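To convert, count from 1 in the sequence shown and add 43; that's our numbering.
Here the structure is laid out as structure tokens; the discussion comes afterwards.
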Amino acid sequence: MSDNIKSSMTSQEDASESLYSRQLLVLGPKAHKKLSTSRILIISINGLSQEIAKNLVLAGANVDIAALPSNNDKLDASSQAICDNSVFDKSDCLTAYYGLENQKKNKIAKKLEGLNHFVRVNVVEVEQILKASGILTSAYSQKQPEHNSLSTDDISQYSLVIVANIPLDHAYKLNAFLRTKNVPMIVTEQRGFSGFAINDFIKMRSINTNGESCKIGAISKIEKKDIQDIENDEVEQKHEDIIDETLSRKSFSLSQEQSESQGKNMINHVFTTVERHNLECGNLLIFSNRVYRIKTLTPFTFAINTDHEIDGEQFEEVKEQKCFEFLTIKESVQKKIDQAAEFDLENLLPSGYKLTETSLMAFYESLGIYTCKYGDLPGIYSKDDCTKKLNPIFHEITKNKYNHNSSQMKSQDATHYSQLPALQLFSYTCQALFQPVISIIGGFVAQEALKCVSEQFTPSQDVFLYDCSNILNFEGENSEDYTKCALEVEDKKEKDQYEVERMAARHFTRSLRVYDPNSIFTSSVFHHLYILFLERTLKILTSNVFLVGSGAIGCEHLKNLYCKVTITDMDTIEESNLNRQFLFRKPDIGCFKSVCAANSIMNTRNWWYTDDIKQIMFDHYRFVLESKKTCSSQTNAHSRSSIEASVLERLSTPKIPVTQATVNCDEQTQSDEILSNLEKAQNIQSYTTPVNSSTENIFSDKFLKSFSLLALALDNAEAREYMDSRSVDLKIPLFDSGTLGTKGHTQTVLPFLTESYGSSRDPPEKDIPLCTIRNFPHLIEHCVEWGLAHFNELFVLDAPADVGIILEENNEAPGDDLDAKIRGSSSVSPLKKIHLHPPQNLQECSQYAKDLLEFNFNTTIVDLITLFPRDHVTEEGLSFWEPPKKYPRVLEEGNAQTNNLVQLFLSSCTKLLADVWLSSSQNEKIKKNTIVFEKDLDSNQHINFIYAASNLRAFNYRIKETTRLEVKRLAGRIIPAIATTTAVISGLSCVEMYRYMLNYDRIYGMIEHTEPISTKNLSQDEKSTALIKLIKYRIPFKHIPFLNTYINLALPFTSFSEPMAPFESECTIFKCKFNLWDEMVVRNCTVRNLLEQSQESNQNDPVEDTKGEIDSNNSFNQSVYLQMPPSIDMISLNDRLIFCSWSKEKYEKSLDQMLVNENEGRKRLDILFEEECMECVPMWIVKEREV
44 MSDNIKSSMT
54 SQEDASESLY
64 SRQLLVLGPK
74 AHKKLSTSRI
84 LIISINGLSQ
94 EIAKNLVLAG
104 ANVDIAALPS
114 NNDKLDASSQ
124 AICDNSVFDK
134 SDCLTAYYGL
144 ENQKKNKIAK
154 KLEGLNHFVR
164 VNVVEVEQIL
174 KASGILTSAY
184 SQKQPEHNSL
194 STDDISQYSL
204 VIVANIPLDH
214 AYKLNAFLRT
224 KNVPMIVTEQ
234 RGFSGFAIND
244 FIKMRSINTN
254 GESCKIGAIS
264 KIEKKDIQDI
274 ENDEVEQKHE
284 DIIDETLSRK
294 SFSLSQEQSE
304 SQGKNMINHV
314 FTTVERHNLE
324 CGNLLIFSNR
334 VYRIKTLTPF
344 TFAINTDHEI
354 DGEQFEEVKE
364 QKCFEFLTIK
374 ESVQKKIDQA
384 AEFDLENLLP
394 SGYKLTETSL
404 MAFYESLGIY
414 TCKYGDLPGI
424 YSKDDCTKKL
434 NPIFHEITKN
444 KYNHNSSQMK
454 SQDATHYSQL
464 PALQLFSYTC
474 QALFQPVISI
484 IGGFVAQEAL
494 KCVSEQFTPS
504 QDVFLYDCSN
514 ILNFEGENSE
524 DYTKCALEVE
534 DKKEKDQYEV
544 ERMAARHFTR
554 SLRVYDPNSI
564 FTSSVFHHLY
574 ILFLERTLKI
584 LTSNVFLVGS
594 GAIGCEHLKN
604 LYCKVTITDM
614 DTIEESNLNR
624 QFLFRKPDIG
634 CFKSVCAANS
644 IMNTRNWWYT
654 DDIKQIMFDH
664 YRFVLESKKT
674 CSSQTNAHSR
684 SSIEASVLER
694 LSTPKIPVTQ
704 ATVNCDEQTQ
714 SDEILSNLEK
724 AQNIQSYTTP
734 VNSSTENIFS
744 DKFLKSFSLL
754 ALALDNAEAR
764 EYMDSRSVDL
774 KIPLFDSGTL
784 GTKGHTQTVL
794 PFLTESYGSS
804 RDPPEKDIPL
814 CTIRNFPHLI
824 EHCVEWGLAH
834 FNELFVLDAP
844 ADVGIILEEN
854 NEAPGDDLDA
864 KIRGSSSVSP
874 LKKIHLHPPQ
884 NLQECSQYAK
894 DLLEFNFNTT
904 IVDLITLFPR
914 DHVTEEGLSF
924 WEPPKKYPRV
934 LEEGNAQTNN
944 LVQLFLSSCT
954 KLLADVWLSS
964 SQNEKIKKNT
974 IVFEKDLDSN
984 QHINFIYAAS
994 NLRAFNYRIK
1004 ETTRLEVKRL
1014 AGRIIPAIAT
1024 TTAVISGLSC
1034 VEMYRYMLNY
1044 DRIYGMIEHT
1054 EPISTKNLSQ
1064 DEKSTALIKL
1074 IKYRIPFKHI
1084 PFLNTYINLA
1094 LPFTSFSEPM
1104 APFESECTIF
1114 KCKFNLWDEM
1124 VVRNCTVRNL
1134 LEQSQESNQN
1144 DPVEDTKGEI
1154 DSNNSFNQSV
1164 YLQMPPSIDM
1174 ISLNDRLIFC
1184 SWSKEKYEKS
1194 LDQMLVNENE
1204 GRKRLDILFE
1214 EECMECVPMW
1224 IVKEREV
């Protein structure tokens, strides 16, 4: 290996904790150290490989990149946001033949390296590796340079090799060679709307298979019971290697005594925990330096069978290592394809676009053979390449399955494979790059790479496949091939549409021959035109997204969305953000996230729209327009060729410069609109304002209604709930996404179709009792909460209330006499002394720090055990110090365990006291300057103080100490995060956004927009009449064709589910059903009118008067007029009480208040009746509007 490569393998031991703090909470320090000393080779320099490299570099792995000597290895800038104009010019050839200049490849490496200044990214060449594996044949004819060329021995220095977008046949050969060198490998590929990833780590050991932290809990009782079917659960010494290496082997006394105990009588110990233990059968726990395997009995009890006496007030989980063995890449692919034989042929030959994992894997296998045989991918929308070349290969792969299942095959099934729309779509679009899919596959592969090098989590031993081609066709409609002959469709409108799209595909392919491929392939707009055509592309380009949050997920959204985006985020950039938010760099620290993110992504969007791309879009538009005219003018059935000939005759000059006025007025207007949409999609508007009720003057109803959808990339529930309420109010679709370490979720909220984000909530976190924090902690979390509270009392909050009482009683200003009096009183704590007599120099700060140390960790402990000695009993006759209470102890001088903590407490407390009290000038009156808790700035000593205070208190109560990083997480309420999860979640969420953009007209075209709440045809008397009615909106779908997702990449686990339909509340008073999307409409209705209507209907039952006929098979907009029920007790509007029946005089003035005024929007109406209505939910009301 060259000296350049060796020098790049530098350890990151000096890496700042503030940079990796969120990731360290996911991986752990030891796993992160393994990651930082690893080196990963990525073969190919294309969009997918750069996405993988981006995620690995952000995580802290050193990466080498190598280009393939093939014209299939496209260095495409349209698929990622790392390379910008500083790397390439618009006119550059970005197709990565192996002759690509080293200068450009090195620029890419420098751009990747700029994401993380602790890593090294080098460009190497792998000619000898490819020759040794048998890949380098005549198909690769270019001569490689010798610079940084790897030898066959050098490959063994890598922790992992990743190959992206190479033929599977070549991947098999490379995998066989790497296995001889014992080098793990990942093979991945992305084609059009789909992608896959396969691991071959040969043998891998995982220290923490589920990614969860070790569980710790308090034990309230230990009993000895006779329980059947519990074997000896004590871990023998010969199996000691299964124990987590984070525990010292010397701390275990599992020697010969354990093996000799097998013949003795075993005792069943049953443990009862204070809270739910959340353990599973087979988990390992440690007691008194011994490790035991448990059996869970109930959520609060577990059992251990052993001949030893077990005693303890706390249990602690120990992680068990697990070894995994992998199949070769070829065996994994064959296993996935062979799964069809276990079921039926439908798994291998799907109908329409409904792909299964088995059929998709067979497609990729066929494509690999095709590429090796013909030297390139199938042509763009090339029917000959699909039917004459790719189909026979697919048939060869699947014919054994047909032969094996010949009894299931009909005579015509032998040729059915050649007509598969799914295979056609796969062949036609296999050269396309779709950024959301690249983000999903790239994030997943990077996470698997982290598992391999860090020995953490559970690796994927199956083929990971993803496909989203169904976004082209809305489920519930006919899933037909969009190249289907128009003559096969009965409806003329549909027939014309299919015919136009089929001809447009041929024209699009033909037009590519006119333009420079090196220019058009670099544009993301080209790839959208390639797989979506003009009309679908324009739907995306004309969409307008309001993105709330520009953190980790927000940056990924900006990369994945090719439309106009407006973002807002009030946060500024911190160093810890650079580990996940790839649009930011170190010089950006302190700047607003939204502004920097907008500027960064616009640098890459500026070169999407070359002149050739604009010309292609204009030519494509002209062809579609003329095709529609020709199809609509045909009265008799004509063949596609005759229609197309007619169109081409009218377009005698297919390439007309956009700037020339050579088209008719309508065409010129449309072309101007297309160019305008291109320019708008490049712009990113940014705000630095938070979203809440106080900023509705900025983010008004009119402002939000201008957007196609809302995208949330937030890290707190309050902001999510607020934006969710605005989504429900204004009937705007909302797409939420979030992550927690390796876990993540996406949720789609569609008006009238799904429940909202606020419809279901996670259970609130359980609060810790105040008495537990103050006097009886039994977990380290209690100690950290105490340390944080003590920090706030000393340095953040104002003076205690009773300090003012002391000053008033003495009736004198703080001085020498009062100082002596206070210091002589043992009843005054150091905290009160500090506020009564603030320190005036550093020496006094140091003395106060010593006083606080003595008072908190000795004096209060002595007072507590004096009041409640060890043998103290309660009135019930029980021991006061019954578990989970722990009998405390004082600090011991010279104790090696606490000396460092004591010194850290004194130094940090002294500095903080000086910051708070010594910042005033000498001429000013001494006053407290409160500080703001900042967890990520190490120099401010905030975390150091809480860390020392928490662990000293843990020593007092015999609780196991914790690390500074864990204290930082607990005190700072830090959410663990890693770049790989955000990439996957963003890709999944953006796929659903694209699904909505492409199909919104099909969804909401099914509901009538003429609302029966218009006042247009009402007389003046009718307009002045008070009225209240319920408007109901319904769209009839048997199922909702969108997906919510939950993932846990540590396992790995992925779950897709349809969004829940909105819950229907049945009101027992109004005798009708409604959901959160329905609304109450009022006209000239005051509180008095509401009460009068209630009194008038006192003798009558509630009545429904449904206007209009309702067809259960179609959408409807139903209006239900309501006669109000009697006996209204209370009315509140927007949570403000405006009427109360037992205090009518107090609310007399509010009776004439309008429920909704002229300039007001929606309001929340709550009515409480004497008659109980348990299932009724609060209703939103709006003013009846003029049309």
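For glycine and all other residues, C-beta sits at the position ideal for the given N, C-alpha and C.
None of these values were measured; they are calculated from a predicted model.
Identified DSSP bridge partners for residue i
i	result
E368	K246
N1091	K786 and F1096
A110	Bridge partners of A110: none, in fact.
G238	Q233 and Y509
R333	F330
F1182	I1174
I262	T316
E1109	K1116
Residue i, buried or exposed, once every other Cβ within 10 Å from all chains shown has been counted against 16
i	result
L211	buried
E1035	buried
L831	buried
E498	buried
D631	buried
S237	buried
D57	Note on D57: pLDDT 47, under 50, position unreliable in the model; no value is reported.
F746	exposed
D387	The pLDDT assigned to D387 is 42, lower than 50, so where the model puts this residue is not dependable; a value taken from the coordinates is nonetheless given after this. Counting Cβ neighbours within 10 Å, D387 comes out exposed, since fewer than 16 surround it.
I1210	buried
C814	exposed
Neighbourhood of residue i by C-beta, 7 Å cutoff - its chain only, sequence neighbours within 5 removed
i	result
G485	L91, E94, I95, N98 and A1026
I481	G90, L91, E94, S122 and Q233
Y215	I372 and K373
S61	E618, S619, D979 and D981
V839	T973, I974 and F976
6 Å Cβ shell around residue i - same chain, five flanking residues per side excluded
i	result
N1156	Its pLDDT being 37, under 50, N1156 is placed unreliably by the model, and nothing is read from it.
I904	P931, V933 and N999
T1097	I1090
D614	K636
D767	S799, Y800 and G801
A641	I727 and S729
L1086	F1099
CB of residue i within 7 Å of CB of residue j, strictly
i	j	result
Q474	I423	yes
V164	L193	no
D772	L755	no
L1092	Q490	yes
D107	L84	yes
S81	A102	no
S425	I241	no
Q728	T609	yes
K1206	L1180	no
Sequence-distant residues of its chain with Cβ nearer than 8 Å to residue i (five each side left out)
i	result
Q1129	Gln is not the amino acid found at residue 1129; the sequence shown has Thr there. So the list reads A1069, L1194, D1195, Q1196, M1197 and L1198, once near-sequence residues are dropped.
D758	G592, G594, G781 and I1018
P393	Because the pLDDT at P393 is just 41, under 50, the model does not fix this residue reliably, and the value given afterwards should be weighed accordingly. T399, S402, L463 and A465.
Taking three-plus beta-carbon pairs below 8 Å as touching, is the segment 70 to 89 in contact with the segment 584 to 597? Result no; under three Cβ-Cβ pairs closer than 8 Å.
Would you be able to state if there are at least three C-beta pairs under 8 Å between the segment 328 to 336 and the segment 354 to 361? The segment 354 to 361, when compared against the segment 328 to 336, does touch it at the 8 Å Cβ threshold.
Would you check if the segment 355 to 369 and the segment 243 to 253 touch, i.e. whether three or more CB-CB distances between them fall below 8 Å? At 8 Å Cβ cutoff, the stretches touch.
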